Amino acid sequence: MTPIMWWVTVAAYWATAVLCGLAAYHRQATPRSRRLWAMLAVVMALLGINKQGNLVGRLTTEGRLLAWTGAWYQNRAGLQIALAAIVVLLAGGLLLWLLRRLRPLSGPEMTAVVGVVYLLGFALVRAISLHAIDAFLYRPVLGVYPNWLLELGGIALVAVPALLAWRRPLPAPSEPLSG
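So the sequence shown is numbered by our numbering: it starts at 24 and just counts up by one.
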């Protein structure tokens, strides 16, 4: 990832965490909605810390070193495929569980939950560093890397609903103010 796009992505995570925090403290938000947006703010901040500190990348490097020292680096593809499948299944299971547990969700809230689970799964699948996935993510098409679009798209799935929840207009007063 180019340094500029890396910083854009880090900034997008942090800005989205702030938007989720603002949505949590909107005057019209219900206590349940406040808790959801606050939780999403924390998760987005943690994803921002992960991106900024390259924590998952460091984990990938440690996994490679373990594979080399364990003399199974050349045969790692089967394990990587199994891990990727497990991550996808766990992310899908987590999403279904959250959508049931948090029911009823508004459309924007549901979109944000889908976005956060997608980002968690995306980060973990990318960390597995399966050659076929890396070849797709890091091969530019017309100067744009699919990795950028997929990650920033996931962030947008959280940022846009948070912005809408924060900017939601307050209800009109039911009685005119007396002067």
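For each residue, glycine too, the CB sits at the ideal point set by N, CA and C.
Because the structure is a prediction, the values reported are computed rather than measured.
Backbone CA spacing between ILE109 and LEU117 [nearest angstrom]: 12 Å
Anticipated Cβ contact below 8 Å, THR134 with LEU180, distance rounded: 6 Å
Less than 8 Å separating the beta-carbons of LYS74 and VAL31? no
Alpha carbon to alpha carbon, what distance is there between ALA35 and GLY44? 14 Å
So is GLU132 buried or exposed if we call it buried at 16+ other beta carbons inside 10 Å? buried
Give the range of the alpha helix (DSSP H) segment to which VAL137 is assigned. 130–151
8 Å Cβ shell around ALA100 - same chain, five flanking residues per side excluded: LEU153, HIS154
Since GLU87 is in the alpha helix (DSSP H), which residue starts that stretch and which ends it? For the record, residue 87 in the displayed sequence is Arg; it is not Glu. ARG87 -> alpha helix (DSSP H) spans 78–92.
Could you tell me whether the Cβ of TYR36 comes closer than 8 Å to any Cβ of chain C? Checking the listed chains, one finds no chain C in this structure; it contains a single protein chain.
How should ARG58 be labelled, buried or exposed, when 16 other C-beta atoms within 10 angstroms of its C-beta is the threshold for buried? exposed
Considering only their Cβ atoms, is the gap separating MET67 from THR39 smaller than 8 Å? yes
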